[in-house]
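Below: the structure, in structure tokens.
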Amino acid sequence: MRAKYVLSEVMVGLWRNVTMTVAMIITMAVSLTMLGASLVMYHQVDEMKARFLSNVQVSIFLDVNVTDEQQNALAQELATDPLVSGTPVFLNTADSYKLFQEQMKNDQALIDSTTPEQVPQSFRVRLKDPTKFEQIKATYQGKPGVDNVIDQASLLNRVFDVLGALQGLALVLAIAQGLAALLLVANTIQVAAYSKRREVAVMKLVGASNWFIQSPFVLEAMFAGAIGALVAYAGLVAAKVFLIDDSLKALTAIIGEVQWGTINIMLPLLLAAGALVSGVTGWVTLRFYIKK
Amino acid sequence: MIRLENVTKTYPKAARPSLDGVSVSIDKGDFVFFIGPSGSGKSTIVKLLLHEVTPTKGKVVVNDKDVSTLRSWRIPHFRRSIGCVFQDFRLLPTRTAYENVAFALEVIGKTQAVARRVVPEVLELVGLGGKEHRYPHELSGGEQQRVAVARAFVNRPLILLADEPTGNLDPDTSIEIMRLLDRINRTGTTVVMVTHDSNIVNQMRRRVVEIEGGKIVRDQPRGVYG
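Chains as they are written, first to last, in the numbering used here: chain A, 18 to 309; chain B, 739 to 964.
Here it is as structure tokens:
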């Protein structure tokens with residue numbers, strides 16, 4: 018009986034206030050889509066970082082007039098360095114010049130004016146922990162025969178910074194939208210409580226429990242939040258199908274494939290966030306609105 | 739049953755207290771009128787008994803419980819032992835007489851089966867047999883107040899509070915409502931009625947507590963309006 022009463026009240030409440038309900042669902046959906054998108058992005062950037070950093074090399078460029086002993090000593094030291102993973106690769110003058118030609122193939126004039134001897138030889142090493150670059154640099158920079166120690170990761174970090182900023186922006190938008198959604202929820206609940214003030218007054222008079230008085234309103238808000246979450250999930254699915262896997266396909270080369278698993282895990286997360294946040298907002302609103 | 743011990747109630751921003759050191763005791767099964775001019779503090783007593791307001795000073799004891807120390811989540815349950823009738827009836831306009839009374843049962847968790855058994859009974863008691871399916875706007879003022887009394891009484895409360903129940907009714911209808919309250923009182927229910935209807939008070943010859951300026955100025959066992 019009670020459940021039936023509460024459910025029918027929820028349905029009546031949602032329908033009575035249908036424009037408000039739709040507005041609430043839309044803002045909820047937009048904010049949850051933003052939230053979902055920023056979470057997916059967070060995940061992608063993390064994955065991407067791991068993938069790139071594991072491939073990242075540290076280059077130790079040698080002096081042009083390095084001696085064989087210095088070079089051998091360095092090779093020895095790198096081979097036994099606990100921070101280095103695998104065997105260091107040595108690029109001699111010929112290898113380095115070929116690499117240089119390849120990298121600079123758009124600038125023929127530069128290639129023509131550079132002799133193989135001007136291109137420094139280098140060791141290329143992978144680090145066990147790519148974040149320990151500073152230690153490697155401190156060890157080898159300034160050693161006899163070493164010209165410079167360069168970390169590719171420092172270049173990648175600039176890319177990560179841009180992605181991080183985008184991620185932050187999505188999160189800020191999600192929060193701003195979320196705030197608007199919460200205010201709408203609070204307002205809708207107040208309107209609902211006002212339109213049922215007679216019933217509420219009688220219920221309080223005859224001693225209905227606070228739970229019983231408040232639950233239809235709270236469930237109404239939670240229902241709208243959950244619908245908003247479903248719409249947001251649909252938005253994420255559409256974004257994957259029509260954007261990431263289609264017109265923005267090229268982007269996946271950088272950020273990596275967005276897995277269905279990543280999208281699907283958003284459904285329970287968004288549902289929980291949508292329902293919980295609007296439910297709590299509704300409940301708090303009522304605490305102020307329906308006095309004892 | 740009901741005891742006010744040296745109760746003072748001052749509303750925020752009010753210059754003087756609505757009730758000023760009021761002490762009164764009402765036994766089980768009593769029928770008591772609270773009379774006095776507007777603003778004398780009569781209605782504050784009803785609000786105190788319902789725990790709609792808390793006393794500034796003093797103790798309010800209802801059913802042997804100190805109301806002023808009642809935790810807020812216990813108030814709903816506490817109110818189930820008190821029935822309430824008001825001048826403006828406070829019926830739900832979109833529900834029939836039957837539904838209005840049944841609503842009071844539903845919202846405290848009684849089943850529809852209980853409502854089907856109890857509601858016709860109590861509507862019969864208040865003299866509305868056969869009018870169960872009328873909406874408030876299809877009933878006269880007196881009939882609407884009967885529905886309100888039925889709603890207040892359906893849960894068999896120990897106390898019935900009536901705040902100017904005849905304020906909107908003509909004298910004849912008022913007397914009918916008073917007969918009804920008298921009948922309910924005879925079932926052992928304590929009736930507390932706030933009024934300034936002198937005819938009613940004079941006819942009923944029940945206990946009269948007169949309040950003026952927040953103080954009790956008279957407490958007579960079989961009093962008149964004065």
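Glycine included, C-beta positions come from ideal geometry on N, C-alpha and C.
C-alpha gap between residue i and residue j, whole angstroms
{"i": "glycine 10/A", "j": "glycine 242/A", "result": "Nothing can be reported for residue 10/A: it is not among the residues displayed for chain A, which extend from 18 to 309."}
{"i": "methionine 41/A", "j": "leucine 31/A", "result": "11 Å"}
{"i": "leucine 56/A", "j": "leucine 188/A", "result": "8 Å"}
{"i": "histidine 934/B", "j": "glutamate 216/A", "result": "29 Å"}
{"i": "valine 962/B", "j": "valine 930/B", "result": "16 Å"}
{"i": "methionine 18/A", "j": "valine 223/A", "result": "Here the model assigns methionine 18/A a pLDDT of 49, short of 50, so the residue's position is not dependable, and the following value carries that caveat. Their backbone Cα atoms lie some 18 Å apart in a straight line."}
{"i": "glutamate 948/B", "j": "leucine 303/A", "result": "39 Å"}
{"i": "glutamine 118/A", "j": "isoleucine 128/A", "result": "6 Å"}
{"i": "isoleucine 230/A", "j": "asparagine 838/B", "result": "16 Å"}
{"i": "arginine 943/B", "j": "arginine 960/B", "result": "5 Å"}
{"i": "leucine 268/A", "j": "glycine 252/A", "result": "19 Å"}
{"i": "lysine 309/A", "j": "arginine 818/B", "result": "For lysine 309/A, the predicted model reports a pLDDT of 46, less than 50, meaning its position is unreliable; a value from the coordinates is still stated below. So the alpha carbons of these two residues sit roughly 14 Å apart."}
{"i": "glycine 964/B", "j": "alanine 840/B", "result": "40 Å"}
{"i": "aspartate 168/A", "j": "proline 105/A", "result": "14 Å"}
{"i": "arginine 945/B", "j": "arginine 872/B", "result": "36 Å"}
{"i": "leucine 108/A", "j": "glutamine 120/A", "result": "15 Å"}
{"i": "arginine 833/B", "j": "glycine 777/B", "result": "34 Å"}
{"i": "methionine 239/A", "j": "arginine 141/A", "result": "57 Å"}
{"i": "valine 254/A", "j": "arginine 68/A", "result": "24 Å"}
{"i": "leucine 172/A", "j": "valine 301/A", "result": "49 Å"}
{"i": "aspartate 63/A", "j": "lysine 21/A", "result": "47 Å"}
{"i": "alanine 835/B", "j": "isoleucine 938/B", "result": "26 Å"}
{"i": "asparagine 227/A", "j": "tryptophan 811/B", "result": "7 Å"}
{"i": "aspartate 765/B", "j": "phenylalanine 827/B", "result": "27 Å"}
{"i": "methionine 739/B", "j": "threonine 794/B", "result": "21 Å"}
{"i": "alanine 361/A", "j": "serine 139/A", "result": "The structure shown does not extend to residue 361/A, since chain A spans only 18 to 309, so no value can be given for it."}
{"i": "glycine 245/A", "j": "alanine 270/A", "result": "32 Å"}
Cross-chain neighbours of residue i in chain A, by beta carbon under 7 Å
{"i": "isoleucine 846/B", "result": "Val223, Gly224 and Ala225"}
{"i": "proline 814/B", "result": "Gly224, Ala225, Ser226 and Asn227"}
{"i": "arginine 855/B", "result": "Within chain A, no residue comes near arginine 855/B; the closest Cβ sits about 14 Å away, beyond 7 Å."}
{"i": "leucine 830/B", "result": "Arg215, Glu216 and Val219"}
Contacts that residue i makes with chain A (C-beta to C-beta distance below 8 Å)
{"i": "proline 755/B", "result": "The contacting residues do not exist; proline 755/B stays about 22 Å from chain A at best."}
{"i": "arginine 817/B", "result": "Lys221, Leu222, Val223 and Gly224"}
{"i": "alanine 840/B", "result": "Within chain A, no residue comes near alanine 840/B; the closest Cβ sits about 11 Å away, beyond 8 Å."}
{"i": "leucine 808/B", "result": "Ordered by position in chain A, no residue passes the 8 Å Cβ test against leucine 808/B, which lies about 10 Å from the chain."}
{"i": "leucine 877/B", "result": "Simply none; closest approach about 17 Å."}
Partner residues on chain B for residue i, Cβ-Cβ distance less than 7 Å
{"i": "phenylalanine 229/A", "result": "Val845"}
Residues bridged to residue i [DSSP beta-bridge criterion]
{"i": "alanine 900/B", "result": "Val823/B and Met931/B"}
{"i": "serine 76/A", "result": "Arg141/A and Ile167/A"}
{"i": "leucine 863/B", "result": "According to DSSP, which records beta bridges pairwise, leucine 863/B is partnered with nothing at all."}
{"i": "arginine 741/B", "result": "Ser763/B and Val799/B"}
{"i": "leucine 108/A", "result": "Ser139/A"}
{"i": "valine 770/B", "result": "Val930/B and Arg945/B"}
{"i": "glutamine 958/B", "result": "Val946/B"}
{"i": "threonine 746/B", "result": "Lys795/B"}
{"i": "aspartate 804/B", "result": "Val799/B"}
{"i": "valine 101/A", "result": "Leu144/A"}
{"i": "lysine 149/A", "result": "Looking at the DSSP assignment, lysine 149/A forms no beta bridge with any residue, so it has no partner."}
{"i": "lysine 953/B", "result": "Glu950/B"}
{"i": "arginine 757/B", "result": "The sequence as given places leucine at residue 757/B; arginine does not occur at that position. DSSP, once it has assigned bridges, lists Lys747/B as partnering leucine 757/B."}
Rounded Cβ spacing between residue i and residue j (contact assumed at less than 8 Å)
{"i": "leucine 843/B", "j": "alanine 853/B", "result": "5 Å"}
{"i": "valine 166/A", "j": "leucine 79/A", "result": "Between leucine 79/A and valine 166/A the Cβ distance is about 11 Å, and since that is not below 8 Å, they are no contact."}
{"i": "glutamine 882/B", "j": "proline 874/B", "result": "5 Å"}
{"i": "valine 219/A", "j": "leucine 830/B", "result": "6 Å"}
{"i": "arginine 33/A", "j": "serine 264/A", "result": "Not confirmed; about 42 Å, so no contact."}
{"i": "methionine 51/A", "j": "glutamine 194/A", "result": "6 Å"}
{"i": "methionine 37/A", "j": "threonine 205/A", "result": "5 Å"}
{"i": "asparagine 893/B", "j": "glycine 847/B", "result": "Not really, about 11 Å apart at Cβ, beyond 8 Å."}
{"i": "proline 895/B", "j": "threonine 927/B", "result": "7 Å"}
{"i": "lysine 780/B", "j": "valine 932/B", "result": "4 Å"}
{"i": "alanine 900/B", "j": "leucine 918/B", "result": "That pair is no contact at about 10 Å."}
Within chain B, partners of residue i - CB distance below 8 Å
{"i": "valine 214/A", "result": "First, the residue type needs correcting, since residue 214/A is arginine and not valine in the sequence shown. Going along chain B, no residue has its Cβ under 8 Å from arginine 214/A, so there is no contact; the nearest lies around 11 Å."}
Contact test: residue i Cβ vs the ligand GDP heavy atom, cutoff 8 Å
{"i": "glycine 905/B", "result": "With respect to small molecules bound, the structure shown includes none, and the ligand GDP cannot be examined in it."}
Amino acids of chain B, ordered along the chain, whose beta-carbon sits closer than 9 Å to that of residue i
{"i": "tyrosine 22/A", "result": "Glu844 and Val845"}
For the region 805-820 of chain B against the region 777-796 of chain B, do three or more pairs of beta-carbon atoms, one drawn from each stretch, fall closer than 8 Å, so that the two count as touching?
yes
Is the region 795-803 of chain B in contact with the region 177-194 of chain A, if contact means three or more CB pairs nearer than 8 Å?
no
With a cut-off of 8 Å, do at least 3 Cβ pairs link the region 146-161 of chain A to the region 65-81 of chain A?
yes
Check whether the region 254-263 of chain A touches the region 294-303 of chain A, counting contact only when three or more Cβ pairs, one atom from each stretch, lie closer than 8 Å.
no
Please confirm if the region 883-894 of chain B is in contact with the region 853-871 of chain B, defined as three or more CB-CB distances below 8 Å between the two stretches.
yes
Could you tell me whether the region 129-139 of chain A touches the region 97-117 of chain A, where touching means 3 or more Cβ pairs closer than 8 Å?
yes
Does the region 950-957 of chain B come within contact of the region 766-783 of chain B, defined as at least 3 CB pairs closer than 8 Å?
yes
Taking three-plus beta-carbon pairs below 8 Å as touching, is the region 53-70 of chain A in contact with the region 273-288 of chain A?
yes
The region 750-768 of chain B contacting the region 231-239 of chain A, beta-carbon criterion three pairs below 8 Å:
no
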